[in-house]
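>
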Amino acid sequence: MNTQDTKTQILDAAIELFWTSSYHATNMNALSDAAGMNKATVYQHYRSKEAIAIAAVGRAVERTEGWVFKDSFEMFSDPLDRLQSIYQRIYESHKSLFEADGLMRGCPFVNIGVELAVSSDGVCEAVNEAFAVFERYYALIVEDLAKDGRLKHDLPAPQLASDLQDNMNATLVTSKLTKNPQVILDGADRARRYLVG
10 MNTQDTKTQI
20 LDAAIELFWT
30 SSYHATNMNA
40 LSDAAGMNKA
50 TVYQHYRSKE
60 AIAIAAVGRA
70 VERTEGWVFK
80 DSFEMFSDPL
90 DRLQSIYQRI
100 YESHKSLFEA
110 DGLMRGCPFV
120 NIGVELAVSS
130 DGVCEAVNEA
140 FAVFERYYAL
150 IVEDLAKDGR
160 LKHDLPAPQL
170 ASDLQDNMNA
180 TLVTSKLTKN
190 PQVILDGADR
200 ARRYLVG
């Protein structure tokens with residue numbers, strides 16, 4: 010296995026463990042076992058668990074951006090269809106996981122960001138960078154709605170994009186707290202109402 014494949018394997022294992030358990034509940038033994046390698050190999054690629062967490066956030070951005078955002082934009086041209094597809098994809102993944110293991114996981118970015126908010130500036134920066142990536146897609150949706158006259162706000166696109174990201178974050182927190190994937194689709198309806206009434 011080449012170095013990049015090894016790193017990806019470590020990060021994918023970390024994402025899963027941090028998302029299902031939490032950062033603090035995951036020790037390096039569990040992480041190396043989940044990655045299918047010994048701890049020495051893990052430490053050869055990442056100097057600390059915090060370094061793994063920062064890199065795992067970046068890896069999670071790649072996965073989320075591709076499957077949720079890029080694919081939604083490729084499949085649909087209408088901005089509201091794109092918005093719905095973003096929520097639908099997140100709903101389907103959470104619903105499938107919930108049916109498989111009974112866990113509503115919430116947002117992996119919010120989860121780790123909140124957990125390490127006071128102890129890791131690096132993780133917080135990585136999470137904020139993740140949100141900035143996603144907000145670019147929301148800004149495109151807003152701009153397209155403004156162009157065709159459907160947008161009911163005159164706020165700048167970056168502000169509305171930030172509001173949409175905040176809505177997604179709140180939606181995923183609520184779905185986790187209530188153990189209800191349907192809340193994610195309710196969040197899609199709320200986002201649509203916010204933009205176009």
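Going by our numbering, the sequence shown runs without a break in its numbering and finishes at 206.
The beta-carbon is built from N, C-alpha and C at its ideal position, and this holds for glycine as well.
Keep in mind that this is a model prediction, so the values were computed, not measured.
Any idea if Glu144 is buried or exposed, counting beta-carbon neighbours within 10 angstroms, 16 or more meaning buried?
Buried is the call here.
> So, Gly115 versus Leu181, is the Cβ gap smaller than 7 Å?
In contact: Gly115 and Leu181 (Cβ atoms closer than 7 Å).
> Go through its chain and collect everything with a Cβ distance to Asp195's Cβ below 8 Å, but skip five positions before and after it.
Around Asp195: Thr180.
> Determine the direct distance from the alpha carbon of Lys161 to that of Arg91, and round the result to whole angstroms.
Approximately 18 Å between the Cα atoms of the pair.
> Measure the beta-carbon distance from Tyr203 to Asp172 and round it to whole angstroms, keeping in mind my assumption that it falls under 8 Å.
Confirmed, about 7 Å.
> Below 7 Å between beta carbons: does that hold for Pro190 and Lys79?
Cβ atoms of Pro190 and Lys79: not closer than 7 Å.
> How would you label Met113, buried or exposed, when you count the other beta carbons within 10 angstroms and need 16 or more for buried?
By the 10 Å Cβ count, Met113 comes out buried.
> Quick check: what's the CA-CA separation for Tyr52 versus Tyr100?
When rounded, the distance between both Cα atoms is 35 Å.
> What whole-angstrom Cβ distance do Lys48 and Ser41 have, given they're in contact under 8 Å?
Indeed, because the Cβ distance is near 5 Å, the residues count as touching under 8 Å.
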